Structure formats: structure tokens, C-alpha cells
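Position one of the sequence shown corresponds to residue 634 (the numbering used here), numbered consecutively onward. We put the beta carbon where it would ideally sit given N, CA and C, even for glycine. This structure is a prediction, so every number in the text was calculated from the model and none was measured. Below you'll find the structure, written out as C-alpha cells, and then a few comments.
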Amino acid sequence: MSRDFTIGDVHDVADNVLANGWRGPAQVNRYFADCVARGVDVVGWRLSGVGDFLHHSQIENSPFDNCRWGGKPDSAGHRAMRKHDFLKLGAVSAQQHGIAFLPHLTMCDEGWFPRFKGLAPNVEAYYRSEGLEFLIQDDDYIKKPGLNSLSKWLENPETEILAKYARHIPAVEQSQRLPPEHPWSCLTRFAREHPEYAAATKGGFRMGRMLSYAYPAVRRYKMQLFREAAAHGCDGFILDYHRWSDDHDVPITDANGVAVTGYEQPAVDLFREKYGKDAYGVANNDPDWIRCRAEIGPTRFIEELRQEFPNKLLVAMVPLNDPLRTAAFADVEDWAARNLIDAVLVYCSQSWNYYDPLLFTSDYPEAVQRHGRSSPIQWTHDWLSRIGGQLPVHFYVNTRCHDETDPGAGKCRDLTERELYEQVRQQKEMGTSGAFFYQNYNAWCYRPVSQVAENSPFSAPTVAWDTSGIRLELSPADHGQLRLSVTFADDDTFLPDERILLPSTVTVIIDGSTVLHRHRGAPMARVEEVVSSTLPGTSPHRVILVAEASGHSLETAWEIPAPLEQPKGPI
């Protein structure tokens, strides 16, 4: 690379195939060609998640064995993933386009299941035994419309078996084997076959979705997965320590912020041998006990991984809090000091909490004072302090924020290009070495990041607003009113990776009177509303449309005939 600031892009293979029409080499090649055009240097290729492996694995579940990723098993996306190994396609295309290719593997994620109050007696027993009563909650965790409670899951044929299965998984007693394999089981093959290797708590419960690296058999299994991922050629790996090592589907962190897992026999034995202490006789947050749990498992695996792949990049994707205290027990600071990893990537979803835009402007100090540590800049600063300049620190770009025009309503909008530029500029000035996007489909987002990477001043793009696809329709509504709709992009024609200007502000003026003014903050592909105008008389009426988007403005006009007795449009 000719610059010293990396631009990365991490994509979920399954989402691209199922939601974005990837069917084979053509779409993969187009993606990498787009990456070149956007200045992307590194691509993370997410292969594993919630029990599925999204390539043609000989070790683990084939794509959609678990039916986790949505859609019907016979859908075009499922057929495409069975036909093509998208790991191989990505590796080949990345090499052809000169882009570094990093398979992305989750380190603490063997499956998925919802949590509900009253699923089974052993669930509540587990929470109470670990002092986690505050985690027992109502059965409204699933927010999908029509499926917002366990009873609804049981009524739905597609989710009935998952709901029944979920009764047994969240906390499995040490002597209890996991339920039989089922398409909805959402667990890795290894976790189903070896429940004895699941992470254990002080009370003797096993966490079905998380394996313990304290067991040599688990480390050997994980190493096989990395060897398989590297077989088609890669430049390194992204090691995901965020999913799901903390308070997610199955909360496993105590009141002190320390994971209640790690009580496997190899760890208990090492603690007694090395420190002369009984793991069951010290507090869960005992510093020596935390360090011991890290040493016996995750650290040993990283040492073995570095020995296996001495010339591959190992990028640790870390959560915002300290991963040493989560169920990952990832001692990243120790790994950095011993050169066991090559870089740190601070996880921050592109829409995480929809940050205050002040965090990316000259008013940053005011925003930090208002939000405390709830800022991506502060989180990155913390990691820069921890690593102490020993390793490059990268961060995920945040692309959305709260809609400040409607505070408290929970609405959000895209950051403007200038806000993106300011965000990345400040992160770079603090000492970060790169900016990564996660599952981003907006091509325009890369421009301001490239300007920062190339040490160029911010400049807004020159974009002509194509009005040929805009439709305005008027029709009579009840009580003498009008139904007004303005369409800027149809759902069936809109391509998320093309630069299409969608307005955040729309104003419609009829015969000199404003009948509609809409500002939503977020881009709008379509505006529809009943307005209080009747268009009286027989003379033609003049309609003016004013729209604004990302610093660009549009004004266009139409004349419509009168009287308006039947629906007219498009105009």
C-alpha cells in the first residue's frame, strides 16, 4: 500500500447470498472490483456464526445444516451456497484483485438460542445459583413482529421446534447431554457431539453454545478449522472475540463484570498447582483466577495458532469492554506484548447505539462530557492506551447516528460525508492505523474515508441528481383531501451499492401553498401522505417539489390538469 492507513471491509457471506443476490463468481468478482475502486485494502470474509459454517467444510456443518440464516432451504441463495464454495471464490478473487484476504472466524460461538423466562426449571436454577437473578426476564426478548413471545414461537410451524428445543439449551447440567440433532438445533457439530467440553460455571452448569479452550481436544478441533480456512489461500485471519463472549443471548457475566464460566477441571487443576489456591474458594473476580483461566485456554491456543501460522496476519477483533473479563478470557494485552497477534480491531457495529453526531465534529469534547465512555473515539483511545503502541489498532466505522431533529423517538439517520470524514480523521489523529466497515452497502461512505487515508482535505462529491426516476402522484382521498406520494427509488430497482441520492427533506408546494414538509433525518425512498388540499377550479395547477440530501438540493415542477376527479399519475 502507498499509504499508512488501512481501509478494511468485513462482509457476512450468508447475508450477501441470501439478501443481496450473490449467486456465484460473477457477484464475488464484482464485489472485489468495487473494493479496488473504493480504496479497500483488506477484506474480512465471515465464515462462521451461531453454529453454521458458510463454506464447504469437511469438519463442521455444511451451509444451512442448521437453517439458521433465514429463507427456505430450497431458496436460490441456499442452492447457490450448496453449489459454490464462497470461501474459495473469495480467496481466488481477492488474489486476482490484489486485496488482502482474511477469513473471519468466531472464537466463542458454537450456536444460538433465545432466552425466555420460565423456559425450564434448570434455566432459572442456573441464574439463581450464580447470583444472576436480575437476568430472569419476561419472554419478550425476540422482537420479530408476530414472534415476540415463546407462546407465539410455539404456535408458528417454522419456529415451534426451535422453541421446544430452546427449553433445554441455555443451561445444561454437567451430566446431561444436549438434545438430539435437529435442523433447528443451531449448534456446531462438535458442540453437539461433545457437551462435556462446554464451558462450565462454578455451580456445575455447562454453557451449550460455548466451548472451553482449556481442553486440548477443543484446541485441536479449532486448529482444524483454521487449517481448512487457509487451504484456499489467505493472508491471515480475523479472530472474533466479540461473538458471543459477553452479555448476549445467554448472559454469563456477574455483577463485577467477570464471566462466571471457566471452571473446567484443567483450569481448576492449574490454579491449584500454580497459585496454591482452590478455584471454588476464591471470588470469581480474583485476579489470579481470571489470569489462570486465560492462560490455560485462549492464550495457549493463540500460542499454538502463531506457531502453526508464523507468517499469517492474526487480527484480534475485540469487544468494547475488557475481553480478559468476558467468557473469551482473551488476554489481548499479553498477546500484544509477546507478538502473538499482529493487530487489534475494536468492534463497533456500524449502527451501534446510533451515536451522537457531535462525537464526530469539533464539538467532540462536549459530546464526550455528555456521554461519558459511550463514544467510539473513547473506546478506541482506551485500546490505544492498553496496547501502548505495540500493535496497530483499527476500528469499525460508525455510519449512523440519532436523528437530532426528533430526540427521544429512537429514530436514526445516516451520517453525512463530512461527519464520516471527521470521525475517521479524529480516530487517525489519535493514532489508529485503519478503519473498517462491517456489512456496509453504501458506496459513498468510502469516499470520505479514502480522503482521510490519503491525507486529503474533505471535499464533497459532485453528483448530478437524476430526476428521470422521480414520480409524483396525486389522487383524491376522503373528505375532499388529496393523497400525495413521491417516489425517488423503487424497491425493485434500488441497488444498495450504487450512489443514489435519496432525500432526508421533502417539501411539496401546490399553487404557492406548502402542503407537505417532511424531514426524517434518514434517507427516504418514498413519501406518502394525505394532505389538506382539494385543488379547486378548472385551471392547471402548479406543483413544486423541493428535496435535500447530503448537501445537495433539487427543485423541480409539474403542471397538472384540473379538475382532479380520478387518480392521476405518474405526473
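- Between the beta-carbon of Val1026 and that of Gln1056 there is about 15 Å, and that puts the pair past the 8 Å contact cut.
- For Ser1092, no pairing in a beta bridge is given by DSSP.
- Within the segment 933 to 971, the complete alpha helix (DSSP H) runs of at least 4 residues fall at 933 to 941, 965 to 970.
- Residue pairing of Ala976 in beta bridges, as defined by DSSP: Val948.
- Judged by their CB atoms, Val891 and Asn918 are nearer to each other than the 8 Å cut-off.
- Counting the other CB atoms within 10 Å of its CB gives Val650 a total of 16 or more, which places it among the buried residues.
- In its chain, beyond the 5 residues on either side, Ile935, Arg939 have a beta carbon closer than 6 Å to the beta carbon of Leu973.
- In the structure shown, the three-state DSSP call for Thr1120 is strand.
- For Ala862, the closest alpha carbon among the candidates Asp1144, Val1163, Leu720 is that of Leu720.
- It is roughly 19 Å from the alpha-carbon of Glu966 to the alpha-carbon of Ala847.
- In the DSSP assignment, Leu722 falls within the unbroken alpha helix (DSSP H) covering 719 to 730.
- Separation of Pro828 and Glu743 (C-alpha to C-alpha, rounded to the nearest whole angstrom) is 11 Å.
- The three-state reading of DSSP puts Leu1187 in strand, counting E and B together.
- Distance from the CA atom of Met843 to the CA atom of Pro899, rounded to whole angstroms, is 16 Å.
- Rounded to whole angstroms, the separation of the alpha carbons of His1150 and Ala724 is 49 Å.
- Judged by DSSP secondary structure, Tyr854 falls outside any beta strand (DSSP E) and instead within the alpha helix (DSSP H) spanning 849 to 863.
- Taking C-beta atoms as the reference points, Pro931 and Ala970 fail to come closer than 8 Å.
- By the Cβ criterion, the segment 645 to 665 is not in contact with the segment 1082 to 1094, since fewer than three pairs of Cβ atoms, one from each stretch, lie closer than 8 Å.
- Per DSSP, His689 lies in no beta strand (DSSP E) and is assigned neither H nor E.
- Only exposed fits Glu1062, as fewer than 16 other CB atoms lie within 10 angstroms of its CB.
- Judged by DSSP in its simplified three-state form, Glu1161 adopts strand.
- When secondary structure is reduced to three states using DSSP, Trp655 falls in the coil class, being assigned neither helix nor strand.
- In the three-state DSSP reduction, Gly1102 falls in the coil class, being neither helix nor strand.
- In this structure Ile885 touches Met840 by the C-beta definition: roughly 6 Å separates them, less than 8 Å.
- Annotation for Leu1017: Val1026, Met1063, Gly1064, Thr1065 place their beta carbon closer than 8 Å to its own, counting only its chain and skipping 5 residues before and after.
- Comparing alpha carbon positions, the residue from Asn662, Val675, Ser1186 closest to Gly1067 is Val675.
- Shown here for Asn662: same chain residues with a beta carbon closer than 6 Å to its own, the five before and five after excluded, namely Ser726 in chain order.
- The straight-line gap separating the alpha-carbon atoms of His1152 and Ala670 is approximately 33 Å.
- For the segment 875 to 917, the continuous alpha helix (DSSP H) assignments of 4+ residues that do not extend past its boundaries occur at 898 to 908, in sequence order.
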